[in-house]
Amino acid sequence: DDDIAEHDEL
Amino acid sequence: MNIFRLAGDMTHLFSVLVLLLKIHTIKSCAGISLKTQELYALVFATRYLDIFTDYISLYNTCMKLIFLGSSFSIVWYIRRHKIVRRSYDKEQDTFRHHFLILPCIILALLINEKFTVKEVMWTFSLYLEAVAILPQLVLLQRTRNIDNLTGQYIFLLGAYRSLYILNWIYRYFTEQHYVHWITWISGLVQTLLYADFFYYYFHSWKNNEKLQLPA
Chain G
3 DDDIAEHDEL
Chain F
-1 MNIFRLAGDM THLFSVLVLL LKIHTIKSCA GISLKTQELY ALVFATRYLD IFTDYISLYN
59 TCMKLIFLGS SFSIVWYIRR HKIVRRSYDK EQDTFRHHFL ILPCIILALL INEKFTVKEV
119 MWTFSLYLEA VAILPQLVLL QRTRNIDNLT GQYIFLLGAY RSLYILNWIY RYFTEQHYVH
179 WITWISGLVQ TLLYADFFYY YFHSWKNNEK LQLPA
């Protein structure tokens, strides 16, 4: 699966 | 960014500012659990490791700095400030929060999205945040009386995570591949922990009486 989307939430 | 997440972040920001303002103005931390505040400082320290490596947005970086600064200031006030520290009743605030940290570390090592240092630390911070309020809720049960600022602080903390759940639902339906089970489950557990507090908070507000938690 694609690289884990970086965590854009606080 | 969606309205639920923005409202959640503002509610979260407001909760820490309410607490910091309370401690700073009346120079007292009566009713506040230092253990919960230390856990929150640890949550932010382990979650915002990427503040210097990954730039997401000015908003994201500013909020991270504010949360880090406010949570560590609150811990400093309760531990070091010569007046505030006197109002901290350590006999009542006895929840062994180390028993929360270890299981969260183990769980983060076992259940995570990717086995990298940053990802495990981030997952640890999620699990820890879910249980960080426990020492504070136990302290409230013990001291039984809740001054309204502390009540508002806990209410806002619970409300922020509830808004985040709406944000996750919104993002699930509007974004492809937006699936983060770990975040969702720990966020749900966190909100459920507040459920009984919300129940008593709402009833005290409706009957316009002082908030009393059952023994």
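Protein chains in written order, with this note's numbering: chain G, 3 to 12; chain F, -1 to 213.
No residue lacks a Cβ here, since even glycine has one placed at the ideal position from N, Cα and C.
- In the DSSP annotation of this structure, the continuous segment of the alpha helix (DSSP H) that includes Met119/F starts and ends at 115 to 129.
- Annotated three-state conformation of Asn205/F is coil, per DSSP.
- Below 8 Å, too few C-beta pairs join the region 118 to 137 of chain F and the region 67 to 86 of chain F to call them touching: fewer than three.
- DSSP places Thr23/F inside the alpha helix (DSSP H), whose first and last residues are 1 to 24.
- Using a Cβ-Cβ cut-off of 7 Å, Trp179/F is close to nothing in chain G; its nearest Cβ partner there is about 12 Å away.
- Residue state for Asn110/F is assigned as coil, using DSSP reduced to three classes.
- Our two residues, Leu17/F and Leu107/F, have alpha carbons roughly 32 Å apart in a direct line.
- One thing to note: Pro133/F has its Cβ no nearer than 8 Å to the Cβ of Ser71/F.
- At a cut-off of 8 Å, the C-beta of Arg3/F has a neighbouring C-beta in chain G.
- Burial of Lys20/F is indicated by the presence of at least 16 other C-beta atoms within 10 angstroms of its C-beta.
- Interface flag for Trp120/F against chain G is set, since a Cβ pair is found closer than 8 Å.
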